[in-house]
Ligand SMILES: *Cc1c(COP(=O)(O)O)cnc(C)c1O
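In the working numbering, the protein residues as written are 70 to 465.
This is the structure:
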């Protein structure tokens with residue numbers, strides 16, 4: 070048997086480790102996010118809402134908001150639904166200084182029979198957890214998150230316009246609220262959800278966009294955080310966007326690396342259809358860390374793999390470059406292109422400015438969108454509005 074003096078360092082180490090693991094896991098013993106504990110305090114009478122056709126994206130907010138506070142010491146407090154209004158935060162709160170902020174974008178839809186449905190809310194919950202964990206902010210049980218969203222939306226039901234194309238846009242947000250200037254992990258956080266009734270992105274049918282492929286500003290890079298929905302990823306994209314707009318483009322097409330790999334179109338995932346050996350290939354970039362893991366992207370890929378005839382179609386997640394797009398467009402091999410995201414579902418692309426030239430992308434002249442673009446928009450909207458029964462559509 071070893072003498073005590075020899076065993077002592079090991080014992081101390083073990084004790085130290087134990088202490089450390091106790092203190093790091095103590096957060097795990099803190100209270101979990103618990104939807105059943107939610108308290109509700111409603112306003113007396115609702116405000117006046119603009120008529121549906123006057124709704125501008127994200128400018129009108131519903132009468133309530135959902136809040137859940139977290140502290141390192143105690144974990145999640147009971148969530149609250151309260152009247153919509155300003156938050157009171159210390160000016161030293163970590164969200165203001167080091168951008169401890171991440172968010173989600175999801176929608177609730179009123180279907181023909183009057184029921185209210187969410188589209189794949191678990192995907193948004195999982196993604197918010199990934200973003201939050203990357204910022205050393207707290208995570209939560211996705212099922213509890215979904216239940217809270219359901220509870221909140223059921224309370225705001227009546228402000229969802231009952232018209233095809235309209236919805237309630239939801240903005241779950243997580244921020245660091247600890248009041249101190251030290252650059253460290255937040256010891257306090259707030260999860261909140263606000264809601265905004267919105268109209269169809271394209272009121273009078275599709276409106277195809279012109280993109281400027283950026284060979285200067287870069288949105289995301291391997292090992293970076295472009296695959297997370299962090300507020301800090303978006304502010305730096307506005308100046309390049311303004312420059313592109315000055316030259317008559319609607320959005321920036323973000324490229325990466327000396328190869329000019331195509332990554333994303335504005336705040337949407339980018340899809341191209343190429344002709345290849347008598348087949349068509351639907352292409353989008355792979356989830357290599359430079360691409361936001363779009364719920365719409367994932368849904369389009371899954372439905373395309375399930376519904377497109379494999380004798381005619383190949384569905385690929387692969388790297389592709391802007392030079393491939395340019396060369397194949399010149400050969401007439403680019404069939405169509407679109408961006409994909411929650412706000413618009415799909416946004417047809419009609420032209421891409423690259424190295425001083427404009428590359429034209431075909432559209433069906435009468436529709437303002439490519440054939441597949443139009444098809445996937447219908448697939449998804451039919452599921453969202455309950456026209457097609459599908460497990461992705463979750464009743465509130
Ligand atoms: C949110 C977002 C998307 C689209 O994601 P969805 O889940 O489909 O809405 C794509 N790219 C970026 C950069 C985004 O922020």
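We put the CB at the ideal spot given by N, CA and C, even for glycine. Computed from a prediction, not measured in an experiment: that's the story for all the values here.
What does the alpha-carbon distance come out to for the pair residue i and residue j?
i	j	result
residue 432	residue 461	29 Å
residue 185	residue 242	22 Å
residue 237	residue 230	8 Å
residue 172	residue 193	9 Å
residue 361	residue 296	4 Å
residue 274	residue 437	8 Å
residue 92	residue 158	Its pLDDT being 38, under 50, residue 92 is placed unreliably by the model, and nothing is read from it.
residue 286	residue 116	42 Å
residue 341	residue 440	12 Å
residue 140	residue 197	18 Å
residue 353	residue 210	30 Å
residue 175	residue 109	22 Å
residue 402	residue 455	36 Å
residue 390	residue 414	24 Å
residue 219	residue 458	19 Å
residue 435	residue 347	25 Å
residue 118	residue 373	38 Å
residue 423	residue 444	28 Å
residue 94	residue 187	At residue 94, the pLDDT of 37 sits below 50, so the modelled position is not reliable and the matter cannot be decided from this model.
residue 270	residue 203	31 Å
residue 111	residue 103	20 Å
residue 366	residue 338	6 Å
residue 259	residue 190	20 Å
residue 357	residue 245	27 Å
Going by the C-beta, is residue i closer than 7 Å to any heavy atom of ligand 1?
i	result
residue 313	no
residue 168	no
residue 333	yes
residue 390	no
residue 361	yes
residue 243	no
residue 338	yes
residue 364	yes
residue 442	no
residue 411	yes
residue 127	no
residue 194	no
Run through DSSP, which three-state label would residue i get?
i	result
residue 160	coil
residue 385	strand
residue 365	helix
residue 417	strand
residue 340	strand
residue 108	strand
residue 206	coil
residue 412	coil
residue 328	coil
residue 279	strand
residue 407	strand
residue 310	helix
residue 456	coil
residue 133	strand
residue 394	helix
residue 139	strand
residue 219	helix
residue 94	For residue 94, the predicted model reports a pLDDT of 37, less than 50, meaning its position is unreliable and no value from the coordinates is stated.
Name the one or two DSSP bridge partners that residue i has.
i	result
residue 187	177 and 463
residue 243	171 and 260
residue 426	423
residue 350	343 and 383
residue 431	None; residue 431 has no bridge partner.
residue 266	237
Tell me whether residue i, by its Cβ, gets closer than 7 Å to a heavy atom of ligand 3.
i	result
residue 298	This structure lacks ligand 3; the ligands present are ligand 1.
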